[in-house]
Every structure is written in structure tokens, then in C-alpha cells.
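Enquirer:
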Amino acid sequence: MAELTMVQALNLAMREAMAEDPNVLVMGEDVGKDGGVFRVTDGLQEEFGPDRCIDTPLAEAAIAGTAIGLTFRGFKPLIEFQFDGFSFQAFHHVEGHVRRFRNRTRGRYTCPMVIRMPYGGGIRALEHHSEAPEATYAHLAGLKVVLPSGPRNARALLRSAILSPDPVVFFEPKALYRAFREEVPDEPETLPIGKGQVARAGKDVTLISYAATLRATLDAAEELADEHDIDAEVLDLLSVSPIDEDLINESVRKTGRVVVVHEAPRHCGVGAEVVARIVEKSLLYLEAPIRRVTGYDTIIPFFANEKTWLPDAGKVVQATVETVNF
Amino acid sequence: MAELTMVQALNLAMREAMAEDPNVLVMGEDVGKDGGVFRVTDGLQEEFGPDRCIDTPLAEAAIAGTAIGLTFRGFKPLIEFQFDGFSFQAFHHVEGHVRRFRNRTRGRYTCPMVIRMPYGGGIRALEHHSEAPEATYAHLAGLKVVLPSGPRNARALLRSAILSPDPVVFFEPKALYRAFREEVPDEPETLPIGKGQVARAGKDVTLISYAATLRATLDAAEELADEHDIDAEVLDLLSVSPIDEDLINESVRKTGRVVVVHEAPRHCGVGAEVVARIVEKSLLYLEAPIRRVTGYDTIIPFFANEKTWLPDAGKVVQATVETVNF
Amino acid sequence: MPREAIELTNKLENLSILDQDGNVDEALEPKIADADLRKLYNVMLKTRRLDERCLMMQRQGRIGTYGPCKGQEATPLGFAYAMQAEDWFVPSYRELSAYVWRGWPLGKYLVWWGGNEYGSAVPEGVNDLPICVPIASQCQYAMGIAWASKLRQDDTVCVCFVGDGGTSQGDFHEAMNFATVYNVPLVMVVQNNHWAISLPRSKQTASPTFAQKAIAYGMDAMVIDGNDILSCVTAARESIKKARDGQGPQLIEATTYRIMMHTTADDPKKYRSEEEVAPWLKKDPLIRFETYLRNKKLLDDKIQKLMEEEIKKEIDEAIVFYENYKHDPYEFFEHMYQEMTPELAAQLAELKAYREGPAPEVSASNGNPQVSHA
Amino acid sequence: MPREAIELTNKLENLSILDQDGNVDEALEPKIADADLRKLYNVMLKTRRLDERCLMMQRQGRIGTYGPCKGQEATPLGFAYAMQAEDWFVPSYRELSAYVWRGWPLGKYLVWWGGNEYGSAVPEGVNDLPICVPIASQCQYAMGIAWASKLRQDDTVCVCFVGDGGTSQGDFHEAMNFATVYNVPLVMVVQNNHWAISLPRSKQTASPTFAQKAIAYGMDAMVIDGNDILSCVTAARESIKKARDGQGPQLIEATTYRIMMHTTADDPKKYRSEEEVAPWLKKDPLIRFETYLRNKKLLDDKIQKLMEEEIKKEIDEAIVFYENYKHDPYEFFEHMYQEMTPELAAQLAELKAYREGPAPEVSASNGNPQVSHA
Ligand SMILES: Cc1ncc(C[n+]2csc(CCOP(=O)(O)OP(=O)(O)O)c2C)c(N)n1
Ligand SMILES: Cc1ncc(C[n+]2csc(CCOP(=O)(O)OP(=O)(O)O)c2C)c(N)n1
Ligand SMILES: [Mg+2]
Ligand SMILES: [Mg+2]
């Protein structure tokens, strides 16, 4: 067991996979010598050579587009977009090919690859460096969309994503990259993609979140317990496509009250899907409207004001208290 | 008053705007001499010249990207993507600039433009020609997203979009392009963007839809009345960003039962947002779970099987009967 | 510190061997075995006939919108001929002759235009990609395929086709740049058929040739007569050999013409004159090739009649195959993921219940505490 | 039907006037009024000093991540100088010297790197665009701006900057293609500073020059010494004049070097050696220009000292402006649409209630029939 940051844990998962399978490639802008702008791929080029950990010219569409061709030849590319905001340069390949080839060719070509990118706000970065586009990708059938919330599940989920026969969009919450360390077992482990977890058991209300806002939500749960005598159950979705509908409904049927928390803008965000799944399956258990504590339907502000914009524990506490007292 | 198809009505709206305002430009692939592959821009180049109705080289990103620059100089570009499925080639400009410039420059540059594209399935077209990506665009703050459902509201909404100081994504349901004619008044009219309409008044259940599936929904309402003695209210959203939350909740509070219908895939679709808005504002009025009759979470099949995939009146009827009998 | 010209190190060449009257430049004439010449002609003819039948079937409402390839049979065929079976072929959508050469069942082609994914379910063991609809996006996965050849150190080559319109897309540019940076065995063929739907070549780009776009990547390139099978074979052999030998990507501009409408949904009368088309009818690659073979005594009326009969039979059989193809109405759920997700399984059940009546357990599936169905 | 070379009609040129020791090629020396030369030097120096201060402020935590432009002052400045005020300037993000020349308040630049949108709220009446973060995307709106000049038949020109890395993006290619097809007054300047973060120029593209990418669009192009203000002014004057005269878009590759880290978040030691950087330090555009002016007796210690003092004062004031800049915590709601939508107004109310306590009517806003708040 070692105490690792999320960056180290992700690095470990890739190193393990590259050592096990010569078909695993890492590619992207500055992933090689530089080890990635967040150092997530640090040392991989040194260890596996420039043909396994590949620095590419500056073109996201070509990174994704050429990776598609590599999958046809049996490679498993782990591509990195340097920031969430630049994944859109490649959107037509992800939408138009990566998620479609299996269906289009009835399984002949399947595009198994991992599309990694730093995700979300909170690190005082420039415009286009703080986006949270998980709903955009979750709406695209054929992809799986994963968001870890800590070093240990990051390592396990990345391994699962690499082993997955399906393309996986893997969002790495950059606010958590170095936020804390966690014990990570020596042996590789996996986590099933599409399953969430109970991050904190409780009985009064269900708080549903994922990625970086899971931390704010857990903080809120402590504050709710300490100061409001509210025992919140906190769910960590870990994956938003597929989404763990059973986990959600099980908890909701117990508590009858729900707050959904994510940093992406609210309108047509994943929070809405969570609400819809609850209404479809557990409407009659609901004792209060479901509140969404999310990013606002604006552009996330340049960094001087981003903290105001992002969901935080205080916002979650307020919404939860109102939900419980409804 | 003239009886027009939607294609003719849209053409009329553009012709009127181009005649009124020399800054209005039409641009896209084959929009000029050819009049567009659906003939929506027919005759505009002849009437206004090749500098007002502009055939572009084959590059969607450049169509959107150069249109941005044109707005800085006071032009109002109406750009056409030949099909919904190719709008993604330009996604980084729409996401990264069109919707952001106003905020980025605090109103100095504002990118007013209309992004037109044929929308949805049902015309036996090839792959990438039948997509329904309204949720993808609705999730992007800074855009308005409009979907007409008939010739008259198409002409009025397109005029409103052209007059709008904000960028508007304008989805033209291709299944409705020539499906029926409607009286369209001689004088230009507008419709407020962000407001829906009651397409059929009713009291037992609220069916919420827009674009081509509005027709299937209205057919379903007739069948429900005739064969099941259910009096359905049908709402036509017309816009999914902003979305007419008040209209929705007013109807839901009356009927207590809801079915949402759209052809886009279900997961993280606009239907989920509709459910969330209802739960936020009218939970205690709900008497049954809200059903979503939508495209499935798959790629829309090549055209031989697309009818099976698309929502139709029968699916709406079945879901509505179940909802009413819940 | 002078002001001086920079010499370009790359070269452009033009190649034409068999003219429109069937005259051959003997110095340049490629060596092709007689049997191969006949087979090439056979495939070109078969492509033409299948294309014509598709057009007819579209008019009869038996397939959907159809995009004909008439007059563009020579270039894909020349390249397919020069390729090895294990080489990779990445088409756009007018490369039927290459599919035919490489042994695709004709029925599959019909199924594609008939609107079923089976049409792009590439036969196992055939290193081809299906028709690609988003213009120029295929350039990028072709580059990835070629890159794999280099990374695997096998000696396969990837041949990719793109249209004149496709060269305007960023995808084309990025793929060419990657290809030259990594020096991969990619042969990129631009079929310049002078039109992109209604946009004439003159408005697609301001560069006098498409070939010279290679200079942007530090490459040599060639313009060839794309309606001349001999030029196509020669250029294909050379470029494929260079690519295989590690000399990196190759760019070929093949000059041809879209004789027909863009697709059956298109009406070229809206944007071009008969006079423009007329001279190109005389440049038909099939007629020219026929003349060449007749001059060489490799073809006569008898052989040709036999060929036509065999071809008709094969196409008839393909149509029978197509028209008897069983559509599975639920198959679109099956290939989204290797294993169907529970969510998709539930949606499949929903659809089945709708089409076939409710399955026994459906009424309880909703899971709400009180459930009462009519 | 021979096999023959195709002659390229476009020309590439190389231009260098003032060498790294301050020697000038007198035949090529551009005419620049003495006052202008001094002003140019002043702006170059001011840019250098502001850049240095930004770096220091970043280290002190007073601004965010900073991307220095040290060593790249000459090219943007040369072009800004040759532009008219009404011409349009579209930067990437290392073109501070042009902003300074064109009269941007220095404080705005600090506010940008300090993380507030006010930093890209272009001053009214200034035909500039703000810093552009998505690499090469600016090429396309620059093309649109230039197109507008042509459509409006005014005689403004648009000058756009992009990096060596940016040329790999599809956006660059599509913009250049559109620009040549429509023959618009666009001057595209590639600042080849030899690095794109950690990727050296040699791995960005296989073409020996960036200038030759112009051939793909049927354009002439030029490589200039981007650290030589005289070459920059000359190339700028020529290319801007050509563009203004209707000769269409122009491509200039300006050779320079990123002396510093990519941004303060970057550690160049990971990927390049001091030895590679060293010779470029000697090519510093500022020192070279200083030597030139001193040789011309337009600069001496006294003038320079005065300049430095004035510049320090102006920068100090800018920093005061920046540090007193009042952030409105709610402003991000205000510029999404011309009129705030009811939905955004509700979200704004939600945020205000959270930060400032509930407004009186909040408890009823939910609209559910029974509302009971704690
Ligand atoms: C990205 C994209 N944009 C638009 C289209 C619609 N479209 C189909 S074919 C075509 C013209 C293609 O021209 P070209 O590349 O010259 O090929 P050709 O049809 O002449 O073979 C267009 C615009 C598309 N399929 N993909
Ligand atoms: C589309 C996009 N992809 C990635 C990035 C991240 N990024 C910022 S600067 C940079 C390198 C740019 O290199 P170059 O164009 O040479 O400009 P320079 O920094 O050298 O001035 C990268 C990859 C970005 N800003 N935009
Ligand atoms: Mg063409
Ligand atoms: Mg650079």
C-alpha cells in the first residue's frame, strides 16, 4: 500500500497497463517528454519509449481520429486532451466515429480506447480550462463516461476503462489531482463501470454527486450532521453513462429526499437525468422536490470569480436543509 | 395568406430578412446556386447575389468560424449546416466562441447569428443525416435553441431568431419540411423565443413535445380521445433553451400526469430537464411517474429500421394510457 | 542578410499514359499481365453495371438515395490492383470498383444503400473500411491505420480516398501533417471529380492543383489522369512501393469527373451545363480501356458479351440477396457495447412490449409501490 | 501524354535586415521616421518590462498562471506599426507589444491574467480581438473579419497571429483556404518560436518551413527574422499593402524563439537544454534594436534612463489599477444574453440568497402548494 495523489494513481494505472499489454499506447499533446501538463503521464515515455507514449502535433481531432485507426489494428490508445475545453476540437470524431464504429460495422471494428482529460474548475486556470462537459458525452450512446473522485477509485476505474472493450471517456477532476492522498493497494484493482458507491451512509436525505463536487458534498454532509442534525447519505456516481439507477433509487426509497450536486451547468445536465430516473422509478417515495446544486447556466467565470460560481459545501447545506424541512 | 410548406416558409423568412437588412447573409455548403440540398435557400442567391447568399468550401468549422468574424463587423450571418450530423465539425467554434464572446468581452462582441440545420430522422437518409442533438446545444449556456413544428411557427421563429441579438441554433425538422402546408400570413410575424404553446388543450394528461414528434404526439392525442376517452393537453415547446417552464408547470398542475416525447436519445436528453423542472416546481401535483417516449440510447439505425426506432403515435398512446391508469 | 528566394525541395509531377482515344504512350506503358488486364476490365465493367442497376433500383424505390460513381471507376481500381490483400483500404463513398476488386460481395453494397448496417459490416479478413459519410474524417483513421503498420513494423500500406471537396476540411490537413511527421505508409488519393455537390472545383480552393497541397507537409506529389487505368496503376504501384519502403506518405491527385448527379437527391441542372459535362463523356475510363484492350486483342465482342452475361447474373443474384435480406428490428440495441447495458436491455424490452405486447413481468418493472395498470 | 514536372507558380522569400549584432543591410533598410523608431523602441521596452513584472507578480501570487512573451516583442510590434488604427488585429496570446502599440491600457492586460473578463473587454473603438485561448481558432474569425472588409468594400486589413503549433490545427488550414478562395485582405503571421509547450518545431510538422504551407492555397509567402524589427516592419508594410490592394491573403513566417517557459505552469528543463536556448539569447530583438538606435544616435543612456522611469511609472499605475479592480461577483450572469433570461434571473437570485441571506420572496418561489421552511 502506498499513499498516492490522484495524479500518481492515474500514472500508476497507465504504467501497469502499458507493462502488461504492448498494445496500450499513450498519446496526446506534451504527454511524452514533458509528462503531460499535469504530469499524469510522467515517466511513461522514459519507461516505454517514444512509440508507446507519443507526443503529437497540436491537433485534438487528429489525436482522436488517428487513435480510431490504431484501434482497428489492435492497439488500445489512451488519448489525452490537454484540457476539457479542447475536447470539442475532436468532437466530430468522438460523436461520429468512436462511439459508432461497433454498431456501424456490427462489431467488426469497435474503437476500444480511453479518452482522458482533466475535468472541471477550481484550479485558477484560464478560459476553456475549467469545463465540465460530462452531460455532453453522456448523451452520446456508445460511450461510457467515468468520473473518479479520489486516488484509489481513479486508479481502479482507469484500469477498468483500459480493459474495457468499449470506448470510455474518462474525466479527471483537476481540482482533485493533488488535493489529497489515499492508500492505493499494491495490486491492480478494478471497479465496474456503471456502478456508483455509497460514499457516506445516512437516512434523512440522499445527496448525489460525483467528481470534485463529491468532496464538497461530503463536507456538507459533515456540516449537516454537526450543525443541523441531518444524517445525509452521499452517493458517488463514479459513472454517468451508464448511470447507477438502482443505487440511486435504493437510497431515495429510504430517505425520500434528494439533492443532486454537480459543477456542470444545470440546464440539461446530468442532474436532470438523475431526477428523471428517480421520478420514473420512485416517484411515490419522494417527500420533497429535488434540488439541483450545480454550476449556473452561464460560462464559468474567469478564475477570479470561479469559486463564487462553483458549488460548495455551503450551497449544498442550504439546499439540503431546505429539502429536509420541506 | 398563402399555403406554404415549411421549406417555403423558412425561405420566405430569410428572403424577408435579407430584403430588410443588407447585413443579413446566408452562407453554407450548396446554399447558393443549388438553393440548399433541401431547397430552403432556393432563389436567394439569384435575388440577392453571391455576396449575400454565399456558397462556401466544404468546411463546417470555417463556416461557423468565419461567421463569428463577420458578426464583429456588423453582419448577421445565417449559416446552414447541411445536416445535423455535420454540425459537430464546428462544435468547438459554437461551444468555444459563438456562445462566449458576449460574456468574454462584456458585451463588446456578441456573435448574433443563426445556426440553421435540418434536424432529426424520418426521411430515409444516410448515417449522420438523422441526428437530434438539441440537448447537446441546449446544455451550452449563451445559445438559444429553437425547434419549430410547422410552417407558420417556423417562419415566425426564424424571423425572431434573425432579429435576436443572441446566437440562435435553429433546428429544422426535416421530416416536416414538406409534410404539410399551412396558412402563413402575408405580413412577417415573430414569436417570442423561449415560449412554448398549447398545441391542443386537454385536462387528463400533459403530453410535452416539440419538432417532428409534436405531430406524432398530436396524432396520439386524437387516438387517446377517440379510443381511450383520455383528453390530453399537448404542449409544443418550440424552444428548449430557454425552456418554457411556466407553461409546463401550469399544465402539469392541471393534469397531474405527464408524458414527454422527443426523438433524441433519452439519456441526458431534454426530456430529463423537463422532468426536473416539473419536480422542482410542481412535485406535489404529480399523480404518476413521468414517462419519456424518446429515441433509444443507441445510434439511430440506418434508414431501413429507423421507423422502429423513432417515437410514433402508438408509443405515445401506450405510455399515456399507462400514465393515466397509474 | 539578403532578401532571397527559398528553393522548394519537393517536386510535383503530371502523369498521363492512355489518352481518351485509347492511344498509349508506350514509353510509360506499365507492364500488366494479360489476365490481369482482362480482370481489371471485368471489374470496371461490373462496377459500371452495378452502379447503373443501383440507379435504376433507386428510381424504382427499391433502395434509398443513391450516390453513383459512373466515370470514376479507374482510380480506385488502379489502386486496389496495386495493393496487396493485407494492405488497408479506406474509401470515401465513390470507390465501388475497389470494393469489387477486393472481393466484397455485391449484395453488401446494395444493403448499404438499402439502409442497413450490414452493408458496412466489413467481411472478416478483408482489411477495408466501410463507406465513410462525414467528409474527410476517413483521412484521420486512415492515418492511424498506416501508423499502426509502422509501429508494428509490418509492411502493410494504407490507401485512402478523399474528394476534392474533402481537401477543404481540417481533418485532411491534420491527417497529412500527422502522416508526414510520423512518416507512415499512407497513400492519400484525392479524387478530383471537379464538383462537391454544387460547388465547382474552382471555388473549392484557390490552388491550381490539389497535388501541391503536399508542399505544405514537405512532400512530393503527382497529378494523374484518373480516368486512365494505366496512369492509375502506374501511380499506384509507385506510391504504394514508396510508402512500403519507408519513404513516408504519398499524395496523388487523380483528375476525373462526376458525370452523374451527386446523389439521386441532387439535380445538377441547377448548377452546371450540359456543355461542361459533354467533353468528359468522351473521357470515359471504361471506353478508353476497352479500346486499349481491343487494340491489344485482349477483348472482342464475344468475350465482352460473355462478361456482360456473367456480370448480369452476379448482379441479379446480389439483388436477390439484398431483397431477401432479413432486417432484425431490434438489432440496433445489440452493437452499442460489447455487452448490452441493463439500461439498453430495459429499453429493448420496452420496444418489444410495444411491438409484441407486454412481457409478463412488465407491469411490475416500474417499481413504484402502488402499481395499477388498466 | 508525357510524364512531366508541374511548375509551381508561387514564390517563397527569405528576409533579414538587422542582424543579431545590430548590423544593418542598408539596401533593405526600411524608412522609418526617427520619432517612430524611438516610439517603437519605447513600446518594445515597455512590453519587456511589463512582461517581466507579470512574471514577478505571478511568483508573488498576485496574478494567475502567466504566459511570458519575452523575446517575441518585435514581430507583433512591427505589424502593429504598419497597420492603420482602423485595421483589425487578431492576436493569439503572445502579442503584448501590439496591444501596447495600439493603445490598450496596461491594466487590462493584468486583469486578464488576474482572471477577470474585463481583461478581454476590448476598449470601444479599438478594432482588436482579445487574447484567444483555443489554439488557431482565431484564424477563422480573423478570416471572417477580413471577409467583411471585402464585402463592405472598405479598405481595412485584418492581421492575425498564430503559433507554430497552431499551424497543425484544422482551423488554420480551413481559414487559409477560405481566405484564398474569397481573396480577402488577411495577413496571417505565424510566430515560429520553435516550441509548442514541449513539442519542438521539428516534430510539429515535416515541412522545412511554415511559409511553404502557403503553396497549398496558391499563395506566395515569406520567412522573416522575427527578432529583427526592421524585417518585421518591412514585411508588414508589404503584406498589409498587398492585402489592402486586393491581392488577397498573405502568409508570413516570423522566426523567433520562446526564451522563457511556455507559461509559469511549465518547466522547460523537462524537455530542452540550456545550450539550445543560449544562442537565442544573443538574438534578443530588444538588444539588437537598441544597438541600431545607438548607432543611429537616436538613443543614449540618458534617453534610455528616462524611458525606463516613465515606463516603470506607467506599469506601477497599471498594477494599482489592477489591484484595485472591483470584481462584481454576480457579473457572470449579466453577459450571457442581451437580456437576462428569467431562468438566469432566478439562478442569480438563488446565488444572492446564498451569499447574502434569503430575499423576502424566496420562500414562496418554489411554487409547490405546501411550503414550510425552517
Ligand atoms: C462533414 C460533412 N459535411 C457535409 C457533408 C455533406 N456532403 C456529402 S457529399 C458532399 C460533397 C463532397 O464533395 P467531394 O469531397 O468532392 O466528393 P464527391 O462527392 O465529389 O465524390 C457534401 C457537402 C458530409 N457528408 N460531411
Ligand atoms: C485547441 C487547443 N489545444 C490545446 C491547447 C493547450 N495549449 C496551450 S498553448 C499550447 C501550445 C501552443 O503552441 P504554439 O501554437 O506554437 O504557440 P506558442 O505557445 O509557442 O506561442 C497548447 C497545446 C489550447 N490552448 N488549445
Ligand atoms: Mg468531388
Ligand atoms: Mg510556438
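Chains as they are written, first to last, in our numbering: chain A, 191 to 516; chain B, 191 to 516; chain C, 3 to 376; chain D, 3 to 376. Glycine included, each C-beta is placed from N, C-alpha and C at the ideal position. Note that this is a predicted model, so its numbers are computed, not measured.
Reducing DSSP to helix, strand and coil, say where Q340/C ends up.
Expert: Translated into the one-based positions of the third sequence, residue 340/C becomes position 338. Looking at Q340/C - three-state DSSP - the assignment turns out to be coil, as it is neither helix nor strand.
Enquirer: Using the C-alpha atoms, what's the distance from E15/C back to A256/C?
Expert: Counted from its first residue, the third sequence places residue 256/C at position 254. Counted from its first residue, the third sequence places residue 15/C at position 13. If I take the Cα positions, the gap works out to 12 Å.
Enquirer: Which residues end up in the neighbourhood of ligand 4 when you take C-beta atoms closer than 7 Å to any of its heavy atoms?
Expert: Those satisfying the condition are, in chain order, G165/D, D166/D, G167/D, Q193/D, N194/D, N195/D, H196/D, W197/D, A198/D, R260/D.
Enquirer: Does H282/B come within less than 8 Å of chain A when only Cβ atoms are used?
Expert: Counted from its first residue, the second sequence places residue 282/B at position 92. It does; some Cβ of chain A falls within 8 Å.
Enquirer: Could you have a look at H375/C and say whether DSSP puts it in helix, strand or coil?
Expert: Numbered from its first residue, the third sequence carries residue 375/C at position 373. With a pLDDT of only 32 at H375/C, under the threshold of 50, the placement of this residue in the model should not be trusted, and no figure is reported.
Enquirer: Would you call the stretch 198-215 of chain C and the stretch 187-199 of chain D in contact, with 3 or more CB pairs under 8 Å?
Expert: The stretch 198-215 of chain C is not in contact with the stretch 187-199 of chain D.
Enquirer: Does the CB of P371/D have a neighbour CB from chain A at under 8 Å?
Expert: Position 369 of the fourth sequence, counted from the first residue, corresponds to residue 371/D. Reliability of the predicted coordinates at P371/D is poor, the pLDDT of 42 falling under 50, and the value obtained from them is presented with this limitation in mind. Cβ-Cβ to chain A under 8 Å: no for P371/D.
Enquirer: At a cut of 8 Å, does the stretch 442-455 of chain A reach the stretch 320-336 of chain A through at least three beta carbon pairs?
Expert: Yes: the two stretches touch, three or more of their Cβ pairs being nearer than 8 Å.
Enquirer: Excluding five sequence neighbours on each side, which residues of the same chain lie with their C-beta closer than 6 Å to the C-beta of A238/D?
Expert: Residue numbering aside, residue 238/D sits at position 236 when the fourth sequence is read from its first letter. Contacts found: G80, F81, A84.
Enquirer: Let's see if you can read the secondary structure: which residues bound the alpha helix (DSSP H) around D318/C?
Expert: Here residue 318/C refers to the residue found at position 316 when the third sequence is read from its first residue. First-last of the alpha helix (DSSP H) with D318/C: 303-325.
Enquirer: Among residues of its own chain, excluding the 5 on either side of V225/D, which ones have a beta-carbon nearer than 6 Å to its beta-carbon?
Expert: Taking the first residue of the fourth sequence as position 1, residue 225/D is located at position 223. Contacts found: N16, T211, A213, E255.
Enquirer: Comparing alpha-carbon positions, which option in K299/C, S151/C, P344/C lies nearest G248/C?
Expert: Sequence index remark: in the third sequence, residue 248/C carries index 246 (1-based). Of K299/C, S151/C, P344/C, the residue nearest in Cα terms is S151/C.
Enquirer: Can you give me the C-alpha to C-alpha distance between A207/A and C234/D, rounded to a whole angstrom?
Expert: As a working note, residue 207/A is residue 17 in the first sequence. As a working note, residue 234/D is residue 232 in the fourth sequence. Cα-Cα distance, rounded: 50 Å.
Enquirer: Measure the alpha-carbon distance for R296/A versus P132/C and round it to whole angstroms.
Expert: By 1-based counting over the first sequence, the position of residue 296/A is 106. By 1-based counting over the third sequence, the position of residue 132/C is 130. C-alpha separation (whole angstroms): 11 Å.
Enquirer: Measure the alpha-carbon distance for I313/A versus K364/A and round it to whole angstroms.
Expert: Reading the first sequence from its first residue, position 123 is the one you call residue 313/A. Reading the first sequence from its first residue, position 174 is the one you call residue 364/A. When rounded, the distance between both Cα atoms is 7 Å.
Enquirer: I'd like to know whether the C-beta atoms of L381/B and A346/B end up nearer to each other than 8 Å.
Expert: Position 191 of the second sequence, counted from the start, is the residue given in the question as residue 381/B. Position 156 of the second sequence, counted from the start, is the residue given in the question as residue 346/B. Contact flag set, yes.
Enquirer: At a cut of 8 Å, does the stretch 216-224 of chain D reach the stretch 168-181 of chain D through at least three beta carbon pairs?
Expert: Judged by Cβ distances under 8 Å, the stretch 216-224 of chain D makes contact with the stretch 168-181 of chain D, as three or more pairs qualify.
Enquirer: Which residue wins for smallest C-alpha separation from E352/D, given the options G233/A, F516/A, V430/A, Q508/A?
Expert: For this step, residue 352/D is matched to residue 350 along the fourth sequence. Ranking G233/A, F516/A, V430/A, Q508/A by Cα distance to E352/D puts Q508/A first.
Enquirer: I want to see whether chain B comes within less than 8 Å of T67/D, judged by CB atoms only; does it?
Expert: The sequence position of residue 67/D within the fourth sequence is 65, counting from 1. For T67/D, the answer is no, since every Cβ of chain B falls outside 8 Å of its Cβ.
Enquirer: Curious, which full-length beta strand (DSSP E) runs of at least 3 residues does the stretch 409-484 of chain B contain?
Expert: Runs found: 422-426, 429-431, 448-455.
Enquirer: When you compare only the Cα positions, how much space is there between I383/B and N213/A?
Expert: Within the second sequence, residue 383/B is the residue found at index 193, counting from 1. Within the first sequence, residue 213/A is the residue found at index 23, counting from 1. Rounded to the nearest angstrom, the two C-alpha atoms are 51 Å apart.
Enquirer: Would you mind telling me which residues of chain D sit closer than 9 Å to A2/C, beta carbon to beta carbon, in chain order?
Expert: Not covered by the structure: residue 2/C. The range shown for chain C is 3 to 376.
Enquirer: Spatial neighbours of W499/A within its chain, please: C-beta separation below 7 Å, excluding the five flanking residues on both sides.
Expert: In the first sequence, residue 499/A corresponds to position 309, counting from 1. These residues qualify, in order along the chain: G485, Y486, I490, P491.
Enquirer: Just checking my contact of M217/B with L366/B at CB under 8 Å: how many whole Å lie between their CB atoms?
Expert: Here residue 217/B corresponds to residue number 27 of the second sequence, with the count starting at 1. Here residue 366/B corresponds to residue number 176 of the second sequence, with the count starting at 1. About 24 Å; that fails the 8 Å criterion.
Enquirer: Buried or exposed: where does G167/D fall if 16 or more other Cβ atoms within 10 Å of its Cβ makes it buried?
Expert: Residue mapping note: residue 167/D aligns to position 165 of the fourth sequence, counting from 1. It is buried - the Cβ of G167/D has at least 16 other Cβ atoms within 10 Å.
Enquirer: What residue range does the alpha helix (DSSP H) around C71/D cover?
Expert: If you number the fourth sequence from 1, residue 71/D lands on position 69. Run containing C71/D: none; DSSP gives neither H nor E here.
Enquirer: Taking three-plus beta-carbon pairs below 8 Å as touching, is the stretch 330-345 of chain C in contact with the stretch 65-77 of chain C?
Expert: The stretch 330-345 of chain C is not in contact with the stretch 65-77 of chain C.
Enquirer: Mark T11/C as exposed unless 16 or more other C-beta atoms lie within 10 angstroms of its C-beta, in which case mark it buried.
Expert: Along the third sequence, read from residue 1 onward, the residue named residue 11/C stands at position 9. Burial call: exposed.
Enquirer: Can you tell me where the beta strand (DSSP E) holding T396/A begins and where it ends?
Expert: By 1-based counting over the first sequence, the position of residue 396/A is 206. Run containing T396/A: 395-399, per the beta strand (DSSP E) assignment.
Enquirer: Out of curiosity, what's the CA-to-CA distance linking G504/A and A410/A?
Expert: For the purposes of this step, residue 504/A is taken as residue 314 along the first sequence, with counting starting at 1. For the purposes of this step, residue 410/A is taken as residue 220 along the first sequence, with counting starting at 1. Distance between the alpha carbons of G504/A and A410/A: 7 Å.
Enquirer: Against chain B, does P202/D count as a neighbour if the rule is that its beta carbon must be under 8 Å from one of theirs?
Expert: The residue you call residue 202/D lines up with position 200 of the fourth sequence. No, because no Cβ of chain B sits closer than 8 Å to the Cβ of P202/D.
Enquirer: List the DSSP bridge partners of P267/B.
Expert: Position 77 of the second sequence, counted from the first residue, corresponds to residue 267/B. The partner list for P267/B (beta bridge, DSSP) reads L215/B.
Enquirer: Between L427/A and chain F, is any beta-carbon pair separated by less than 8 Å?
Expert: In the structure shown, chain F does not exist; the protein chains are A, B, C and D.
Enquirer: At a cut-off of 7 Å, is S94/C close to ligand 1 when judged by its beta-carbon and the heavy atoms of the ligand?
Expert: Counting from 1 along the third sequence, the entry for residue 94/C is found at position 92. Indeed, a heavy atom of ligand 1 lies less than 7 Å from the Cβ.
Enquirer: Report yes if the C-beta of L248/A is less than 7 Å from at least one heavy atom of ligand 2; otherwise report no.
Expert: The residue given as residue 248/A occupies position 58 in the first sequence. Yes, the beta carbon of L248/A sits closer than 7 Å to at least one heavy atom of ligand 2.
Enquirer: Does the Cβ-Cβ distance between K285/C and Q22/C come in under 8 Å?
Expert: Here residue 285/C corresponds to residue number 283 of the third sequence, with the count starting at 1. Here residue 22/C corresponds to residue number 20 of the third sequence, with the count starting at 1. Cβ distance < 8 Å, so K285/C and Q22/C count as in contact.
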